[in-house]
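Number of protein chains: 2
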Amino acid sequence: MKTIQSDPGGSDAEPAHRRPTSYDVAQLAGVSQSAVSRCFRPGSSISPEKRKLIQKAAAKLGYQPNAIASGLITKRSNLVAVLISNLTNLYYPEVLAQLTHRLDERGIRVLLFALRTESEVDAALDQIWRYRVDGAIAAARLSAAQLRAFERHRVPVVLYNRFAEGEPVPSVCCDSLAGERLLVDRLVNAGNRRFGIIAGPQDSFVGNQRVEGALARLAHHGLEARVVPGAFDHDSGAAGLRTLLGEGVRPEAVLCANDLMAIGAIDAARHEFGLTLPDDLSIAGFDGVGPATWPSYRLTTIRQPVRRMTEAAVTMLLERVEQPQLPPEVRSFAGALIEGTSARL
Amino acid sequence: MKTIQSDPGGSDAEPAHRRPTSYDVAQLAGVSQSAVSRCFRPGSSISPEKRKLIQKAAAKLGYQPNAIASGLITKRSNLVAVLISNLTNLYYPEVLAQLTHRLDERGIRVLLFALRTESEVDAALDQIWRYRVDGAIAAARLSAAQLRAFERHRVPVVLYNRFAEGEPVPSVCCDSLAGERLLVDRLVNAGNRRFGIIAGPQDSFVGNQRVEGALARLAHHGLEARVVPGAFDHDSGAAGLRTLLGEGVRPEAVLCANDLMAIGAIDAARHEFGLTLPDDLSIAGFDGVGPATWPSYRLTTIRQPVRRMTEAAVTMLLERVEQPQLPPEVRSFAGALIEGTSARL
DNA sequence: CTGTTAGCGCCTTCAG
DNA sequence: CTGAAGGCGCTAACAG
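Protein chains in written order, with the numbering used here: chain A, 969 to 1313; chain B, 969 to 1313.
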């Protein structure tokens, strides 16, 4: 049996501890409940006098408007879902941090969905509908059916470094083709002729695009490349290099579908094959993650303009929250070549 | 002027596109609205027959219960706030991924707050109250006043790798003292006598604890160490090493308050001073992040049991959501020594 | 097991 | 500018 002891600020026979509501504030301030509502809603007309009064009462009670309740009626939760496929990818933490900040600046909160497998997407989408988010940003592969679900639920979505298969969907990405063109041109100009490529996971959109971009540009120079599979992680980069160096003609230059694999490849080249970069071998990556610039690697890579990309994603999304009828738009950003010292350019 | 063209499933003069509600489903299924509610609420009694009927109607309409609305009345948002100070720290992405998964498994969504500065904490807390989260996990420094705010708002909070200053607060952490003891003992046993320490930011709890832990254990062996400041990033690790090697007696072993600085120190030792590890110098870190195991570093470090720690944090939090009166509890996990090759052990 | 009846906390016309 | 009244979508007692 609990008594009402040690109940600071206990006014009357309040039922235990009810969070103060706008009604409580109204009562204390001697105004109507709707006045309190207006006081906390920008753009509502209220006399400065009452505003003061209400604010004082609110402060006294520690009142905070209930975002959940207001969302119920305004149909705006001020929540945006962010879907990220593999957070441990070294590249995504920065993206996530930036997205969160950009959204925060505009008064919007992030509902995070960290996916490990494709199969988790549908479960995440289910939750997304239930929480009535205002929109979503997806750095994860979405099927055509899943994209249609967004449309059906009237939830605007912006893809990050992904493309829709069929119909157009708003998206921002870093131009893989341009990036690989930059790398290939420089490498070829520097005299590299025999190329190897370590690809990303088969179902990775950017992975495939980077490989194809590289192959296309090599073809432009009348060159070919041997492509081995990878999984975007350090180990598979090392494994890929082993395969490339293990049999057949040794490549002079190896293009990796992301930085992490490039780093793995560098480690393997040095520690398993005793090679010196870039004299014995050139290795290049893609992304421009932090470790790429560490003195041990000084990776030649393409740095994605994460800041601008996240800014674009957020802007595009919020535009579509306001104006659902806006047509899809694809914004593609050029990456910057970071020369590094891992490749002979 | 819009006509009602291309409105799939357009039944009657529906006002544009209203999301279907439980009422719509009830009508279509010919049952009461509360029956629909029960159908979607586990543990409510409803006849299998009606359940089927309702589920069919719901599927047809694409109905999903509105989590926002139900939270309004059940006082459970199924939302948990996760506060993280610097997501780009290489260690936190893994923590965040694990936390998200653990919570997801239990049907709880993550509201993410990525903080860059201390000053952002208060703004985040404000939002936390407004969204009526069920609880919070904080991997960020919270002042005594901020902790009191959690109590006042009746929002359970669990600290991750942080401690409260005064009063006790539920928290999980990796035992810095034990970890440093492990490192120091091994290093001393291996003959190292002259120690240097690269500390974390002044206001970092774990940073200070690790430094103090190391100093205490060194004292136990009758040894001292020179401590230089750091900022938990690669650059400051390199800078710290420069300071330590630049003047006075050269240390034989350098303990860094986290892995990232240790990696920076290794890079500086090798590339700026031409040293060979561990022959010329021993360097150790703390955390056990991914890059620590890369062949270029093979860092001697203490690996935090992130899985168990996140599991503990989530469990402790949810227990307190159910039973707010549970007393504070501190769970401290031992880290595992990863020998690596960067230190003479 | 089922339907009815009240709200949860807030916003928003609508008259004053 | 202000208060009164209705309702957002759902749950939780209640009687049947």
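Each residue gets a CB set at the ideal place from its N, CA and C atoms; glycine is no exception.
Because the structure is a prediction, the values reported are computed rather than measured.
Alpha carbon to alpha carbon, how far is residue j from residue i? Give it in angstroms, no decimals.
{"i": "Glu-1062(A)", "j": "Leu-1209(B)", "result": "27 Å"}
{"i": "Pro-1138(B)", "j": "Glu-1279(B)", "result": "14 Å"}
{"i": "Val-993(A)", "j": "Ser-1005(A)", "result": "10 Å"}
{"i": "Ala-1146(B)", "j": "Phe-1254(B)", "result": "12 Å"}
{"i": "Asn-1046(B)", "j": "Ala-1092(A)", "result": "14 Å"}
{"i": "Ala-1236(A)", "j": "Ser-1111(B)", "result": "46 Å"}
{"i": "Pro-1033(B)", "j": "Ile-1270(B)", "result": "46 Å"}
{"i": "Arg-1019(B)", "j": "Ile-1096(A)", "result": "24 Å"}
{"i": "Val-1217(B)", "j": "Thr-1211(B)", "result": "11 Å"}
{"i": "Leu-927(B)", "j": "Pro-1124(B)", "result": "Because chain B is modelled from 969 through 1313, residue 927(B) falls outside the range shown and cannot be assessed."}
{"i": "Asn-1054(B)", "j": "Ala-1065(A)", "result": "8 Å"}
{"i": "Asn-1160(B)", "j": "Leu-1191(B)", "result": "10 Å"}
{"i": "Asp-1247(B)", "j": "Gly-1164(B)", "result": "16 Å"}
{"i": "Met-1229(A)", "j": "Val-1196(A)", "result": "12 Å"}
{"i": "His-985(A)", "j": "Arg-1122(B)", "result": "9 Å"}
{"i": "Gly-1011(B)", "j": "Pro-1295(B)", "result": "30 Å"}
{"i": "Gly-1214(B)", "j": "Thr-1244(B)", "result": "17 Å"}
{"i": "Lys-1043(A)", "j": "Ala-1035(A)", "result": "11 Å"}
{"i": "Ile-1041(A)", "j": "Ala-1037(B)", "result": "10 Å"}
{"i": "Arg-1312(B)", "j": "Arg-1194(B)", "result": "19 Å"}
For residue i, which of helix, strand or coil comes out of DSSP?
{"i": "Ser-1139(B)", "result": "strand"}
{"i": "Leu-1249(B)", "result": "coil"}
{"i": "Val-1222(B)", "result": "strand"}
{"i": "Arg-1161(A)", "result": "coil"}
{"i": "Ile-1022(A)", "result": "helix"}
{"i": "Phe-1008(A)", "result": "helix"}
{"i": "Pro-1295(B)", "result": "coil"}
{"i": "Phe-1301(A)", "result": "strand"}
{"i": "Arg-1098(A)", "result": "helix"}
{"i": "Leu-1079(A)", "result": "strand"}
{"i": "Ile-1306(B)", "result": "strand"}
{"i": "His-1189(B)", "result": "coil"}
{"i": "Thr-1278(B)", "result": "helix"}
{"i": "Asn-1054(B)", "result": "coil"}
{"i": "Pro-983(A)", "result": "Its pLDDT being 41, under 50, Pro-983(A) is placed unreliably by the model, and the measurement read from it follows with that caveat. Pro-983(A) falls in the coil class under three-state DSSP."}
{"i": "Asn-1034(B)", "result": "coil"}
{"i": "Phe-1241(A)", "result": "coil"}
{"i": "Gly-978(A)", "result": "Here Gly-978(A) scores only 35 on pLDDT, less than 50, and its place in the model is too uncertain to base an answer on."}
{"i": "Gly-1205(B)", "result": "helix"}
{"i": "Leu-1029(A)", "result": "helix"}
Say whether chain B places a C-beta atom closer than 9 Å to the C-beta of residue i.
{"i": "Gly-978(A)", "result": "Low per-residue confidence applies at Gly-978(A): pLDDT is 35, beneath 50, and the placement is therefore not dependable, though the value from the model is reported in the following sentence. So no, Gly-978(A) is outside the interface."}
{"i": "Ser-974(A)", "result": "Residue confidence is low: Ser-974(A) scores 32 on pLDDT, short of 50, so the model does not pin down where it sits. Its coordinate-derived value is still stated next. Not one chain B Cβ lies under 9 Å of Ser-974(A)."}
{"i": "Thr-1085(A)", "result": "no"}
{"i": "Glu-1062(A)", "result": "yes"}
{"i": "Val-1078(A)", "result": "yes"}
{"i": "Phe-1301(A)", "result": "no"}
{"i": "Pro-1124(A)", "result": "no"}
{"i": "Arg-1238(A)", "result": "yes"}
Going by the C-beta, is residue i closer than 8 Å to any heavy atom of the ligand GDP?
{"i": "Val-1282(A)", "result": "Among the ligands in the structure shown, none appear at all, so the ligand GDP cannot be discussed."}
In terms of DSSP beta bridges, what is residue i paired with?
{"i": "Asp-1255(A)", "result": "Arg-1271(A)"}
{"i": "Tyr-1128(A)", "result": "Val-1140(A)"}
{"i": "Val-1195(B)", "result": "Ile-1165(B)"}
{"i": "Gly-1314(B)", "result": "Because chain B spans 969 through 1313 in this model, residue 1314(B) falls outside it and cannot be assessed."}
Is there a C-beta anywhere in chain A that falls below 9 Å from the one on residue i?
{"i": "Ser-1012(B)", "result": "no"}
{"i": "Phe-1118(B)", "result": "no"}
{"i": "Asn-1176(B)", "result": "no"}
{"i": "Thr-971(B)", "result": "Per-residue confidence for Thr-971(B) stands at a pLDDT of 30, beneath the threshold of 50, marking its modelled position as unreliable; no derived number is given."}
{"i": "Ser-1045(B)", "result": "yes"}
{"i": "Phe-1131(B)", "result": "no"}
{"i": "Ala-1037(B)", "result": "yes"}
{"i": "Asp-1102(B)", "result": "no"}
{"i": "Tyr-991(B)", "result": "no"}
{"i": "Ile-1306(B)", "result": "no"}
{"i": "Arg-987(B)", "result": "yes"}
Worksheet item: Any chance the stretch 1175–1182 of chain B sits against the stretch 1128–1148 of chain B, with 3 or more Cβ pairs inside 8 Å?
Response: Pairwise C-beta distances place the stretch 1175–1182 of chain B in contact with the stretch 1128–1148 of chain B, as three or more of them are shorter than 8 Å.
Item to complete: May I ask you to verify whether the stretch 1076–1092 of chain A touches the stretch 1011–1024 of chain B, counting CB pairs closer than 8 Å and requiring at least 3?
Response: Taking a cut-off of 8 Å for Cβ pairs, the stretch 1076–1092 of chain A and the stretch 1011–1024 of chain B do not touch, as fewer than three such pairs fall below it.
Worksheet item: Using 8 Å as the Cβ pair cut-off and three pairs as the minimum, do the stretch 1268–1276 of chain B and the stretch 1073–1081 of chain B touch?
Response: Not touching, per the Cβ criterion.
Worksheet item: Is the number of C-beta pairs between the stretch 1218–1229 of chain A and the stretch 1245–1260 of chain A that are closer than 8 Å three or more?
Response: Touching, yes.
Worksheet item: Are three or more beta carbon pairs between the stretch 1042–1061 of chain B and the stretch 1100–1114 of chain B nearer than 8 Å?
Response: The stretch 1042–1061 of chain B is in contact with the stretch 1100–1114 of chain B.
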